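Asks:
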Amino acid sequence: MLRQYELVERVKSYDPGADEDALNRAYVFSMKAHGTQKRASGDPYFSHPVEVAGILSDKKLDCDSIITGLLHDTVEDTVATMEDIHGLFGEDVARLVDGVTKLSQIETLSDRAKQAENFRKLLLAMSEDIRVLLVKQADRLHNMRTLEFIRNGEKRARIARETMDIYAPLAERIGIRDWKDELEDRAFAELNGDARASIVKRLQFLRENGGDLVGRVTSELTQTLAEYGVEADVSGREKSPYSIWRKMRRKNIGFEQLSDIMAFRVVVQEVQDCYQALGAIHGHYRVVPGRFKDYVSIPKPNDYRSLHTSVYGPENQRIEIQIRTHEMHEIAELGVAAHWQFKQNVMTDGRQYRWLRELLEILEHAEAPEEFLEHTKLEMFSDQVFCFSPKGDLMELPRGATPVDFAYAVHTEVGDSCVGAKVNGQEAPLRTELKNGDQIEILTSADQTPSPSWESFVVTGKARACIRRFVRSQTREQYNRLGQEIIEKAFRREGRKVAKKTLTSVLVKLSCRTVDDLFVAVGQGRYTGQDVFAAAYPRTGRKRQRAAPTGGDNKGSGEFAVPIRGLIPGMAVHLAACCHPLPGDQIVGIVSTGKGITVHTSDCETLSNFVEMPEQWVDVQWEVGAEDTGNHVSRITVILANRPGSLAAMTAVIGRYDGNISNLKITDRSEDFFEMQIDIEVTDVQHLTNIVAGLRADSAVGSVERSQS
Ligand code: MN
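So in our numbering, spot 609 of the sequence shown is number 1082, and the numbers just go up one at a time.
Quick look at the structure:
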């Protein structure tokens, strides 16, 4: 066990300004707090926090981290309280210890809760200060070093599995490669001791028979490169038993074929040297096919750059080689801070870890790195929140999520029938904002249906979509029933029965896709029952004379309770000059004082001027048969090639489709093209669409758009 003065000296060796007194007090406090507690190994419990502090000091972490290492189990496992820690060691240490304690608490959750990927994220999300995570990792590392002393085999296996699934990947992600390797290797030894033992034996055999193979290959590679005029730093290592095992499994290769157990790195000055080195190696050794990857020309999404190849190298050993410049190496190794001697490889993991690289870069160049450590919170996953179901399933939700979001994330049906929620066992309003680690129980009832008011507080797209879909389908269902009733009444009044065939035959005329759509259209008041009847029996139906859309005629004349907004009898109706609505267009009316109702196409840009004035908007619709009542002026913008005959070709097309040009204005003219505005008289929007399509098919025409102004 590391002694008090040894630990203090170690910290002072890299941080002369360390608070020696606080370190000493923490050492003694922890020793007294843990008292006579024992580890499974029979050692005094206190040896554990001291070793954790030692592991942290290997990484040259700041004084507060070391103190946190010493104190990390005192609140959880002894009578010491957060208040004690706060009083004796101040706010920062108290916050760190509290963070580590919280992480330890979520560790006791069921296995099911620890679905690896989400659990790792939860750990990260809860580690507001990167040092919390580092202390937790060091804690796990020491527990793995002493795993053998736990007698219960199941417990050992569970801890090893957890280490493999959660802590080793986490160590890799936060960039501590050697912790990752050790965690993985120790977990591997527990989970598959036989396999590991054979691999170690094999490696030993190779070493005994081959001597310092890594060293010999390294120097031969260096020499070979020098012969080709490439100056390079070559370094090599044996791969870890676990990574060899993983490769064996992945490639499904047997033990005898086990090769490829060494990896080498060639670091050069310039980018072109990379390719020169590659040329030298490929020229000198036999290449293993299919293994070359050029991440220099095409970097990985996380900016990782290197050339990767495999060759049968010196002594016919199959080896992996990475070639990169010093700069690429630094990026790959994340600007390994002088303060934090990480052998990290964070960059290979993902773009989301960029924050760590940035953090480390700040540390590297900072004058007072401790300050950055103190004030840098983990930003990661700060836009997410992780919650548990009563069964222990871990759900990842966006920050601000509520129990309703949670319910819909579990299942649409759960969301639709949700009546209430318990958060950590307490009933809570459905609009409660969830916090990391909350356990949510959703109360459901078969009678419940989604409330439109939920939409105001849910944050997930799924919840919002489900609520909207439900509300829409419910409203639609009501309109459907209403419309059906209205049509039946209208037909009965005319002495006819409603037949589905009859309704199907009017669908096109009333621009509805299905009979249900027609019911909804009538239910919403877009058509009256009389309109449907007139469409079905044109000769007997009342013929409407007016061409303009109806805005003021109260359809159904009170007989049917159809909700139509803005019915102002006798009000004048104009077609807007900006968008030139045509029968068949979706339209909307705007009421303005003294002018009556101006009808716009519903996509007219002018309407944006009226967004703030909902009281001026009126639902209007074209009268059935409006297209038979004469011509309407529409306006299109055409870009036409500036060459002889093109204008004639264009007018011929319009004529061929029975369009009548009532006005033509050239709005722009260049050497190649005319832009012109053409007013055409057409019967309805379909007529215009035909003309536009005909124009677009003509080679003289560059483009045709319906004018908005
Ligand atoms: Mn511990």
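Ideal Cβ positions, reconstructed from N, Cα and C, are used throughout, including at glycine.
None of these values were measured; they are calculated from a predicted model.
Does at least one heavy atom of the ligand MN sit under 7 Å from the Cβ of L612?
Replies: Taking the first residue of the sequence shown as position 1, residue 612 is located at position 139. It is worth fixing the name first, because residue 612 is Asp in this sequence and not Leu. Flag set: Cβ of D612 near the ligand MN.
Asks: Starting from N1133, follow its DSSP beta bridges and name the residues at the other end.
Replies: As a first step, residue 1133 is located in the sequence shown; it is residue number 660 there, counting from the start. BP columns for N1133 point to E1154.
Asks: With 16 other CB atoms within 10 Å as the buried threshold, where does R476 fall?
Replies: One-based indexing of the sequence shown puts residue 476 at position 3. R476 comes out exposed.
Asks: Ignoring anything shorter than 4 residues or poking outside the segment 675 to 755, list the alpha helix (DSSP H) runs there in chain order.
Replies: Runs found: 686 to 700, 714 to 724.
Asks: Quick one: is I672 buried, meaning 16 or more other Cβ sit within 10 Å of its Cβ, or exposed?
Replies: The residue you call residue 672 lines up with position 199 of the sequence shown. The residue is buried, with at least 16 neighbouring Cβ atoms inside 10 Å.
Asks: To the nearest angstrom, report how far apart Y715 and Q921 are at their CA atoms.
Replies: Walking along the sequence shown from the start, residue 715 turns up at place 242. Walking along the sequence shown from the start, residue 921 turns up at place 448. The straight-line gap from Cα to Cα measures roughly 53 Å.
Asks: How should L1168 be labelled, buried or exposed, when 16 other C-beta atoms within 10 angstroms of its C-beta is the threshold for buried?
Replies: Residue mapping note: residue 1168 aligns to position 695 of the sequence shown, counting from 1. When all chains shown are included, L1168 counts as buried.
Asks: Alpha carbon to alpha carbon, how far is M1184 from S708?
Replies: Because the chain in this structure spans residues 474 to 1182, residue 1184 falls outside the shown range and cannot be described.
Asks: Taking the straight line between their C-alpha atoms, what separation do you get for F1146 and E869?
Replies: Within the sequence shown, residue 1146 is the residue found at index 673, counting from 1. Within the sequence shown, residue 869 is the residue found at index 396, counting from 1. Distance between the alpha carbons of F1146 and E869 is about 56 Å.
Asks: Taking 7 Å as the cut-off, is the C-beta of H521 nearer than that to any heavy atom in the ligand MN?
Replies: Within the sequence shown, numbered from 1, the residue matching residue 521 stands at position 48. Checking every heavy atom of the ligand MN against the Cβ of H521, one is found closer than 7 Å.
Asks: If contact is defined by three or more beta carbon pairs under 8 Å, each pair taking one atom from either stretch, is the segment 1071 to 1083 in contact with the segment 1045 to 1060?
Replies: Yes: at least three Cβ pairs fall under 8 Å.
Asks: Give a single yes or no on whether G546 has its beta carbon closer than 7 Å to a heavy atom of the ligand MN.
Replies: On the sequence shown, residue 546 is found 73 positions in, with the first residue counted as 1. This sequence places Asp at residue 546; Gly is not what is there. True, at least one ligand heavy atom lies under 7 Å from that Cβ.
Asks: Keeping to the same chain, check which residues put their C-beta closer than 6 Å to that of A491; ignore five residues upstream and five downstream.
Replies: One-based indexing of the sequence shown puts residue 491 at position 18. For A491, where only same-chain residues beyond five positions count, the Cβ hits under 6 Å are V484, K485, C536.
Asks: For a test of the three-state rule: what should DSSP assign to R1073, helix, strand or coil?
Replies: Numbered from its first residue, the sequence shown carries residue 1073 at position 600. Residue identity check: residue 1073 is His in the sequence provided, not Arg. Residue state, collapsed to three classes: strand.
Asks: Can you check which of these residues, V1111, G563, I960, M1123, is closest to A1142 by C-alpha distance?
Replies: Translated into the one-based positions of the sequence shown, residue 1142 becomes position 669. A small fix is needed here, since residue 1142 is Arg in this sequence, not Ala. Closest by alpha carbon: V1111.
Asks: Mind checking F859: buried by the 16 CB within 10 Å criterion, or exposed?
Replies: Here residue 859 refers to the residue found at position 386 of the sequence shown. Buried, by the Cβ-count rule.
Asks: Do P522 and S1183 come within 8 Å of each other at the CB atom, strictly closer than that value?
Replies: There is simply no residue 1183 to check, as the chain begins at 474 and stops at 1182 in what is shown.
Asks: Return the chain-ordered list of same chain residues with a C-beta closer than 6 Å to the C-beta of Q997, the five sequence neighbours on each side being excluded.
Replies: As a working mapping, residue 997 is identified with position 524 in the sequence shown. For Q997, where only same-chain residues beyond five positions count, the Cβ hits under 6 Å are Y952.
Asks: Below 8 Å, how does it come out for the segment 542 to 551 and the segment 567 to 574: are there three or more Cβ pairs, yes or no?
Replies: With a cut-off of 8 Å, the segment 567 to 574 and the segment 542 to 551 count as touching, because enough Cβ pairs lie within range.
Asks: Among D550, V1106, D494, G527, which residue has its Cα nearest to the Cα of T509?
Replies: Here residue 509 corresponds to residue number 36 of the sequence shown, with the count starting at 1. Comparing Cα-Cα distances from T509 to each of D550, V1106, D494, G527, the minimum goes to D550.
Asks: With C-beta atoms as the reference, is E663 less than 8 Å away from A630?
Replies: The sequence position of residue 663 within the sequence shown is 190, counting from 1. The sequence position of residue 630 within the sequence shown is 157, counting from 1. Yes, they are a contact pair.
Asks: What whole-angstrom Cβ distance do R778 and Y768 have, given they're in contact under 8 Å?
Replies: Position 305 of the sequence shown, counting from 1, holds the residue named residue 778. Position 295 of the sequence shown, counting from 1, holds the residue named residue 768. Yes, they are in contact, since the Cβ atoms of R778 and Y768 sit about 5 Å apart, within 8 Å.
Asks: Going by DSSP, name the residue or residues bridged to E1183.
Replies: Because the chain is modelled from 474 through 1182, residue 1183 falls outside the range shown and cannot be assessed.
Asks: Excluding sequence positions up to five away, which residues of its chain have a Cβ less than 8 Å from the Cβ of Q578?
Replies: In the sequence shown, counting from the first residue as 1, residue 578 sits at position 105. The answer, listed in chain order, is E549.
Asks: Can at least three beta-carbon pairs, one atom from the segment 946 to 965 and one from the segment 890 to 907, be found at a separation below 8 Å?
Replies: Too few Cβ pairs lie closer than 8 Å, so no.
Asks: Using the rule of at least 16 other Cβ atoms within 10 Å of the residue's Cβ for burial, across every protein chain shown, is E800 buried or exposed?
Replies: Mapped onto the sequence shown, residue 800 falls at position 327. Counting Cβ neighbours within 10 Å, E800 comes out exposed, since fewer than 16 surround it.
Asks: Return the Cβ separation of I1134 and E1178 in integer angstroms, given the expectation that the two are a contact with Cβ distance under 8 Å.
Replies: Position 661 of the sequence shown holds residue 1134. Position 705 of the sequence shown holds residue 1178. Contact flag wrong, Cβ pair sits at about 17 Å.
Asks: Mind checking whether V932 and G893 have CB atoms under 8 Å apart?
Replies: The sequence position of residue 932 within the sequence shown is 459, counting from 1. The sequence position of residue 893 within the sequence shown is 420, counting from 1. No; because the gap between Cβ atoms is not below 8 Å, this pair is not in contact.
Asks: How is T798 classed by DSSP in three states: helix, strand or coil?
Replies: Here residue 798 corresponds to residue number 325 of the sequence shown, with the count starting at 1. Here T798 sits in strand by DSSP.
Asks: Quick one: what's Y881 bridged to in DSSP?
Replies: In the sequence shown, residue 881 corresponds to position 408, counting from 1. Its beta-bridge partners do not exist; DSSP assigns none.
Asks: Measure from the alpha carbon of D1092 to the alpha carbon of each residue in A1007, A994, D1004, then state which is nearest.
Replies: As a working mapping, residue 1092 is identified with position 619 in the sequence shown. Out of A1007, A994, D1004, A994 has the C-alpha closest to the C-alpha of D1092.
Asks: Grab me the residues of M1123's own chain with a C-beta within less than 8 Å of its C-beta, minus the 5 sequence neighbours each way, in chain order.
Replies: One-based indexing of the sequence shown puts residue 1123 at position 650. Counting only Cβ-Cβ distances below 8 Å, and skipping sequence neighbours, we find V1111, L1113, L1168, D1171, A1173, V1174.
Asks: Just curious, the beta strand (DSSP E) that S783 is in, first and last residue?
Replies: The count along the sequence shown starts at 1 and reaches residue 783 at position 310. Looking at the DSSP string, the run of the beta strand (DSSP E) that includes S783 is 780 to 785.
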